[in-house]
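J.:
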Amino acid sequence: MKRIVSVAPMMDCTDRHDRYFLRLMSKNVMLYTEMVATKSAIHGDKKKILGFSPEEKPLALQVGGSDKKELSEVAKIAEDLGYDEVNINLGCPSKKVQKNMFGACLMKEPDLVSECINEMINSCKIPVTAKTRIGFDNIEDFDYLNSFINKMNEAGCKTFILHARKAMLTGLSPKQNLNIPKLNYEMVYKIKKENPNLEIIINGGISKILDIKKHLKSCDGVMIGRAIYQNPYLLIDIEREIFKVENHPSREEVAKKLLQYLEKEVKLGTKVNHVMRHTVGLYHGQIGSKNWKRYLSDNMMARDSDFLKAKHIMTIVQNNEKANQINQ
Ligand SMILES: Cc1cc2nc3c(=O)[nH]c(=O)nc-3n(C[C@H](O)[C@H](O)[C@H](O)COP(=O)(O)O)c2cc1C
């Protein structure tokens, strides 16, 4: 499994439509679902909550929970459905998540976490990985993090995604928790140095190719969230610069393929806005970005947006392509 670059799990963002869209630009990045609570995965509508298109693979299911029986059941479900990895969320600091005893508050419970991981590993053959922070509240301590990781390693987990900032379990909103605690990449590098046999993926605030290359000198992989959601075509630079792939689809080709997907999905009952809302950033930093966003918001973002209007999208795309070519 290649985890050199992954797109971070993001609630309300990395759903199956977004992942399909991202795959049109990159075959090589690893993709993650939004976090799914164990109870929803077990008792909810599996097709709706866990369904995906084969094109999205390689794909990891991210799960939130702390009940080892439920977690092991979800790991088995993930394997049966064809996911390539199951990842436990040990990094989300939201109040709701804490109330249900999952996410970052589990950093306080290394024994419970290692039992959960052990059960998950025993119930499936796909890799079980963990995504966590480098600390929580007033704890940002190498020895604490290292021992937490080693406990999980003893339970059989070999791959760790480390969001290089601590989580504040009280006093900060989830959004503030993604920006206010300071990034500490050195802590992640040191974890890799001390544990060369573990796969260490670094995450947090990474948005430039040069930074990806720099982190790859000290870690096994890089995970990127917001920068790709805001500017999905960055994936093309990643394919070219990191994976050394030469042929890339233009934005026009991406839009064309997405429209084919949209047409199929609409026939199955998917709403136009559920697919198109993820494409707002397609022209990020390009001429025509405003026209693209305006077209989407005027025609594609309502709950009852009509697929027929999507056909006009190619006119916007072609105008944008021309304008950007002239500008080159
Ligand atoms: C809108 C949003 C939703 C998120 N949802 C999740 C989630 O479901 N699971 C998770 O582990 N992290 C989640 N995160 C955190 C990201 O996975 C990532 O760790 C964080 O954004 C830092 O990476 P970045 O600076 O590259 O965005 C979310 C972040 C954002 C912005």
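The numbering used here applies: residue 1425 is where the sequence shown begins, and numbers increase by one. Note that beta-carbon positions come from the ideal geometry of N, C-alpha and C, so glycine has one too.
Would L1732 and T1703 qualify as a contact pair, given that the criterion is a beta-carbon distance under 9 Å?
T.: Going by C-beta atoms, L1732 is not nearer than 9 Å to T1703.
J.: CA-CA distance, V1453 and D1535?
T.: Taking the straight line joining both Cα atoms gives about 32 Å.
J.: Give me, in chain order, the residues of the same chain whose beta-carbon lies closer than 6 Å to that of C1437; leave out the 5 immediate sequence neighbours on both sides.
T.: Correct list, in chain order: Y1653.
J.: In angstroms, rounded to a whole number, what distance separates the CA positions of L1596 and G1559?
T.: Rounded to the nearest angstrom, the two C-alpha atoms are 15 Å apart.
J.: Just checking A1651 against ligand 1 - is the residue's beta carbon closer than 8 Å to any of the ligand's heavy atoms?
T.: Yes.
J.: Select from K1532, S1547 and Q1486 the residue whose C-alpha is nearest the C-alpha of K1492.
T.: It is S1547 whose Cα lies nearest to the Cα of K1492.
J.: What residue ranges within the stretch 1568 to 1639 form continuous beta strand (DSSP E) runs of no fewer than 3 residues, ordered along the chain?
T.: Complete beta strand (DSSP E) runs here, min 3: 1583 to 1587 and 1623 to 1627.
J.: Pull up the distance between the alpha-carbon of Q1752 and that of I1711, whole angstroms please.
T.: Answer to the nearest angstrom: the Cα atoms are 11 Å apart.
J.: Would you say H1698 touches ligand 1, meaning its beta carbon is less than 8 Å from a heavy atom?
T.: Flag unset: Cβ of H1698 not near ligand 1.
J.: Any heavy atom of ligand 1 within a distance shorter than 8 Å of the CB on K1555?
T.: Yes.
J.: Please determine if the stretch 1530 to 1544 and the stretch 1572 to 1580 are in contact, where contact requires at least 3 C-beta pairs separated by less than 8 Å.
T.: Result yes; three or more Cβ-Cβ pairs closer than 8 Å.
J.: Closest by CA to N1562, which one among I1585, M1700, K1606 and N1542?
T.: The shortest Cα separation from N1562 among I1585, M1700, K1606 and N1542 belongs to K1606.
J.: Taking 8 Å as the cut-off, is the beta-carbon of G1506 closer than that to any non-hydrogen atom of ligand 1?
T.: Every heavy atom of ligand 1 is 8 Å or more from the Cβ of G1506, so no.
J.: DSSP three-state call for Q1752: helix, strand or coil?
T.: If DSSP states are grouped into helix, strand and coil, Q1752 belongs with coil.
J.: Considering only C-alpha positions, which residue in the set S1496, A1465 and R1701 is nearest to I1550?
T.: Ranking the options by Cα distance to I1550, first place goes to S1496.
J.: Let's see if you can read the secondary structure: which residues bound the alpha helix (DSSP H) around V1696?
T.: Counting along the chain, the alpha helix (DSSP H) containing V1696 begins and ends at V1696 to M1700.
J.: Whole angstroms is fine: what's the gap from A1484's alpha carbon to V1510's?
T.: Going by the C-alpha atoms only, they are around 5 Å apart.
J.: Secondary structure at A1499, three-state DSSP: helix, strand or coil?
T.: The answer is helix: DSSP assigns A1499 an H, G or I state.
J.: Here's a check: name, in chain order, each residue in its chain whose Cβ is nearer than 8 Å to the Cβ of N1753, leaving out the five neighbours to either side.
T.: A query on residue 1753 cannot be resolved here, the shown segment of the chain reaching from 1425 to 1752 and no further.
J.: Nearest CA to the CA of C1643: which residue from V1487, S1631, H1441 and Y1613?
T.: Ranking the options by Cα distance to C1643, first place goes to Y1613.
J.: Do V1678 and L1686 come within 9 Å of each other at the CB atom, strictly closer than that value?
T.: No, Cβ-Cβ distance for L1686 and V1678 is not below 9 Å.
J.: Between I1636 and E1610, what straight-line distance do the alpha-carbon atoms span, to the nearest angstrom?
T.: Straight-line Cα distance between these residues: approximately 15 Å.
J.: If you draw a straight line from the alpha carbon of T1694 to that of D1439, how long is it in whole angstroms?
T.: Looking at the two C-alpha atoms, the distance is approximately 13 Å.
J.: Pull up the distance between the alpha-carbon of F1566 and that of L1530, whole angstroms please.
T.: Going from the Cα of F1566 to the Cα of L1530 covers about 17 Å.
J.: In terms of residue numbering, what span does the alpha helix (DSSP H) encompassing V1521 cover?
T.: Per DSSP, V1521 belongs to the alpha helix (DSSP H) from K1519 to K1523.
J.: Between the stretch 1464 to 1471 and the stretch 1441 to 1451, do three or more beta carbon pairs fall short of 8 Å?
T.: Result no; under three Cβ-Cβ pairs closer than 8 Å.
J.: So L1455 is in the beta strand (DSSP E); what residue range does that whole segment cover?
T.: L1455 -> beta strand (DSSP E) spans M1454 to A1461.
J.: Could you give the residue range of the alpha helix (DSSP H) that holds R1727?
T.: Taken as a continuous stretch (DSSP letters only), R1727 belongs to no alpha helix (DSSP H), as it is neither H nor E.
J.: Are the CB atoms of V1429 and G1645 within a distance shorter than 9 Å?
T.: Cβ atoms of G1645 and V1429: closer than 9 Å.
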